[in-house]
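A.B. asks: Can you read through this structure? Questions will come right after.
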Amino acid sequence: MPKENNEEIENESLENIELDKTTLEKEAEEKAEAEAKAEADEKSVENEINLLQEEIASLKDKYARVHADFDNIKKRLEREKYTAVEYSNEKFAKDMIPVMDALQMALSSTENVTDPTEHLEKLKEGIELTLKQFTTSLQKHGVTMVSHDEPFDPNIHNAIQSVDSDTVESGQIVQTFQTGYRYKDRPLREAMVVVAN
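Numbering (full-length UniProt numbering), first residue to last: 1 to 197.
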């Protein structure tokens with residue numbers, strides 16, 4: 001019996017050793033797998049970090065380009081705005097050239113005239129033509145005269161005197177000393193007027 005017991009114990013010990021060996025092998029395998037997985041995960045994380053860093057660099061580059069484009073557009077708009085303001089009166093100036101021509105023609109039309117009456121008549125005719133052309137050019141650009149036929153308005157008229165009148169209602173303009181002008185809807189210069197009481 002002791003021999004059988006010994007054999008049993010030996011068999012059991014061998015089985016235990018084999019179990020321990022198998023367990024150790026399994027643990028070693030699992031540990032190796034875990035380390036391999038950790039290493040793969042680490043490489044995957046490193047790859048992900050590299051990809052994200054590349055994406056960040058790309059986005060920074062795009063941002064810098066967009067910012068540079070925006071600055072260029074802003075500078076171009078500033079130049080265009082300056083040019084538009086600088087040359088905004090060009091059309092008006094071009095429209096004044098014919099008025100200057102008319103004044104010069106009015107003066108030159110009287111050069112060979114010896115009769116003073118004819119001289120004055122030609123000069124008057126030239127001035128009337130020039131005034132008509134000048135008024136047309138101003139109207140073309142939104143400059144109009146303040147009407148004398150409207151009731152007194154302190155926004156566009158300056159009453160320099162008031163008089164009693166039997167022919168005109170109170171508050172109406174009796175006489176204009178200086179014509180007023182508007183630019184579109186804004187007063188440029190008030191008309192100096194006499195108003196009825």
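Heads up, the beta-carbon is just placed ideally off N, CA and C, and yes, glycines get one too.
In whole angstroms, what is the alpha-carbon distance linking Thr136 and Glu80?
C.D. replies: Within the sequence shown, the letter at position 136 stands for residue 136. Within the sequence shown, the letter at position 80 stands for residue 80. Going from the Cα of Thr136 to the Cα of Glu80 covers about 30 Å.
A.B. asks: Between the alpha carbons of Asp153 and Val194, how many angstroms are there, rounded?
C.D. replies: Start at 1 with the first residue of the sequence shown, and residue 153 comes out as number 153. Start at 1 with the first residue of the sequence shown, and residue 194 comes out as number 194. Each residue's alpha carbon lies about 12 Å from the other.
A.B. asks: Give me the Cα-Cα distance between Ala102 and Glu86, rounded to the nearest whole angstrom.
C.D. replies: Residue mapping note: residue 102 aligns to position 102 of the sequence shown, counting from 1. Residue mapping note: residue 86 aligns to position 86 of the sequence shown, counting from 1. For Ala102 and Glu86, the distance between alpha carbons rounds to 27 Å.
A.B. asks: So for Asn89, helix, strand or coil by DSSP?
C.D. replies: Translated into positions along the sequence shown, residue 89 becomes position 89. Coil, per DSSP.
A.B. asks: So what's Thr114 in DSSP terms, helix, strand or just coil?
C.D. replies: Your numbering for residue 114 matches position 114 in the sequence shown. In this structure, Thr114 counts as coil in the three-state DSSP scheme.
A.B. asks: For His67, which residues from the same chain have a beta carbon less than 8 Å from its beta carbon, with the 5 sequence-adjacent residues on both sides left out?
C.D. replies: Locating residue 67 in the sequence shown gives position 67, where the first residue counts as 1. Nothing meets the Cβ criterion.
A.B. asks: Ala191 to Pro151, Cα distance in whole Å?
C.D. replies: As a first step, residue 191 is located in the sequence shown; it is residue number 191 there, counting from the start. As a first step, residue 151 is located in the sequence shown; it is residue number 151 there, counting from the start. Taking the straight line from one Cα to the other gives about 12 Å.
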